[in-house]
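Below: one structure, written as structure tokens.
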Amino acid sequence: MKVILFRSLCIASLILGDLVEAFAQGTLAFNTRVPSANIDAPALFLNGEPVGAGFIAQLYGGPAGTPISDLKPIFPLSNFRKGYVIGPPIEMSDIAPGESGTFVVRAYDGSTWETSTCRGESNPVTIQLSGGALPPAYLVGLQSFKVDCIPEPGTLALFALGTGGLCVAGARRSYRLKSLPVVECSQGAILNPRSTLILTAAMQASG
Numbered sequence: 000m001k002v003i004l005f006r007s008l009c010i011a012s013l014i015l016g017d018l019v020e021a022f023a024q025g026t027l028a029f030n031t032r033v034p035s036a037n038i039d040a041p042a043l044f045l046n047g048e049p050v051g052a053g054f055i056a057q058l059y060g061g062p063a064g065t066p067i068s069d070l071k072p073i074f075p076l077s078n079f080r081k082g083y084v085i086g087p088p089i090e091m092s093d094i095a096p097g098e099s100g101t102f103v104v105r106a107y108d109g110s111t112w113e114t115s116t117c118r119g120e121s122n123p124v125t126i127q128l129s130g131g132a133l134p135p136a137y138l139v140g141l142q143s144f145k146v147d148c149i150p151e152p153g154t155l156a157l158f159a160l161g162t163g164g165l166c167v168a169g170a171r172r173s174y175r176l177k178s179l180p181v182v183e184c185s186q187g188a189i190l191n192p193r194s195t196l197i198l199t200a201a202m203q204a205s206g
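Residue 193 in numbering that gives the first Met the number 0 sits at position 194 of the sequence shown; the count goes up by one each step and never skips.
Okay, here's the thing in structure tokens:
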């Protein structure tokens, strides 16, 4: 009886261990400034100003070697503070502790990175995830990146319309000046009416 009970406990322990391993999740720290790990990767605008309020920070990731275009969005989202992200630990359901994953940090100001007109992304980093009682892994190798803002189509259209209007107005004014009738003075010079009036006034003043 004791032998049977002991065997049952061993089997149950093995099954439980397999289940824990199967459902174990790798973890990493969503921090872009960790001096102890030589991480200093702020998100900056093209003019060098740090990205801040109004912009979302999000990790995209997948198993090691996943192409950047196939990386999946990871939640929860975080925010930027003077260009940096100090977010909560992230758990990866499809990457177990000890396995590696590829990640990028993306910044955007819209509802999603794909649809935002102001956005940017970091270089990809591949790191080994931790788990359990171990501290989260860091984004070692992450570098600073730029956020660029692309004008919306409506803004571009208004700019083009305004520029076109200025060009048309300038062309019309130039055409009116060129189309003024000309007259001949006694010296044979060709003058338009405005020049004739100036010449007449000068002659009257001298006479």
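We treat Cβ as the ideally placed atom computed from N, Cα and C, and that holds for glycine.
Judged by beta-carbon spacing, Thr26 lies beyond the 8 Å limit of Glu98, meaning their Cβ atoms are not closer than that value. Membership of Thr101 in the beta strand (DSSP E) is indicated by the continuous run Ser99 to Tyr107.
Here Gly61 is near Thr101, since their CB atoms are less than 8 Å apart.
One Cα belongs to Gly64, the other to Ile94, and the distance between them is close to 13 Å.
Taking C-beta atoms under 8 Å as the contact rule, Ala28 and Ala132 fail to qualify, at a distance of about 15 Å. By the beta-carbon neighbour count (other beta carbons within 10 angstroms, threshold 16), Ser121 is buried.
The three-state reading of DSSP puts Ile89 in strand, counting E and B together. If you check the CB distance, Ala40 and Gln142 come in under 8 Å. Your pair Ser129 and Pro96 checks out as a contact, with CB atoms roughly 6 Å apart and the cut at 8 Å.
According to the DSSP secondary-structure assignment, Gln57 is paired through a beta bridge with Arg105. In summary, Val139 is exposed, with fewer than 16 beta-carbon neighbours lying within 10 Å of its beta-carbon over all protein chains present. The criterion of a C-beta distance shorter than 8 Å is satisfied by Phe144 and Gly119.
Within the DSSP bridge table, the entry for Gln127 names Ser99 as partners.
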